[in-house]
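All remarks here apply to the structure that follows.
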Amino acid sequence: MDIIEKRITKRHLSESELSGVNYYNCIFERIQLDNFNFRDCEFEKCRFVNCSIKNLKLNFFKLIDCEFKDCLLQGVNAADIMFPCTFSLVNCDLRFVDFISLRLQKSIFLSCRFRDCLFEETDLRKSDFTGSEFNNTEFRHSDLSHCDFSMTEGLDINPEINRILSIKIPQEAGLKILKRMGVVVGG
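Following this line, the structure appears as structure tokens:
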């Protein structure tokens, strides 16, 4: 079933499953999804605004050119999203979200708050994290080349297990990287 150019607002869905539905150019506002299962679904050019998305199960799920603004994403394993996967997150709270083995080049994560998240074996080349906050969030074996981490807080990147060619980072994060490398900056 295809749903095109619909505005869906103020819904709370929990402990349910949706199968075989494709959304195109839809707007979701103030939607709350808890313990929800998406099977063989696709969202393309959709916007999610002020939504709460917790503990999703994703099977044969596609997310293409979607935007999340002012949303809470919690307990989501983004590794279950099929390729291609393109989205932007603006002013979102992410808790216990795993980005594993994904190709997310040129993704946008502006002014987001990451808590207990993991980026592992993920290609994030040319992604923009400007203004984001990181709390207990790890990058492991990921390509961060040409990423912009300007004005971020709490960023801690291990250069021994990540590719960090030409990245923009705040001074605090740069000092942490140098310390890991055994370089002491004094003055």
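Under the numbering used here, residues 17 to 203 are what the sequence shown spells out, in order.
For glycine and all other residues, C-beta sits at the position ideal for the given N, C-alpha and C.
Sorting Cys163, Arg23, Phe115 and Asn71 by C-alpha distance to the C-alpha of Ser30 places Asn71 at the top. Nearest in C-alpha terms to Cys128, of all of Arg179, Asn151 and Arg119, is Asn151. According to the DSSP assignment, Glu58 belongs to no alpha helix (DSSP H) but to the beta strand (DSSP E) extending over Glu58 to Glu60.
Listed in chain order, the alpha helix (DSSP H) elements of length 4 or more contained wholly in the stretch 115-193 amount to none. Where Lys22 is concerned, there is no enclosing beta strand (DSSP E), because DSSP gives it neither an H nor an E. If you compare the alpha carbons of Leu194, Leu120 and Gly202 with that of His162, the shortest gap goes to Leu120. A distance below 7 Å between beta-carbons, with the five flanking residues on each side excluded, links Glu136 to the following residues of its chain, in chain order: Ile116, Arg156, His157 and Ser158. In the three-state reduction of the DSSP assignment, Asp86 falls in the coil class.
The criterion of a C-beta distance shorter than 7 Å is not satisfied by Phe64 and Phe77. A straight-line Cα-Cα distance of about 22 Å links Phe130 and Leu181. Scanning Arg111, Leu34 and Arg55 for the CA closest to the CA of Met98 turns up Arg55. Cβ contact annotation for Leu88 (same chain, cutoff 6 Å, sequence separation greater than five): Ser68 and Asp109, in chain order.
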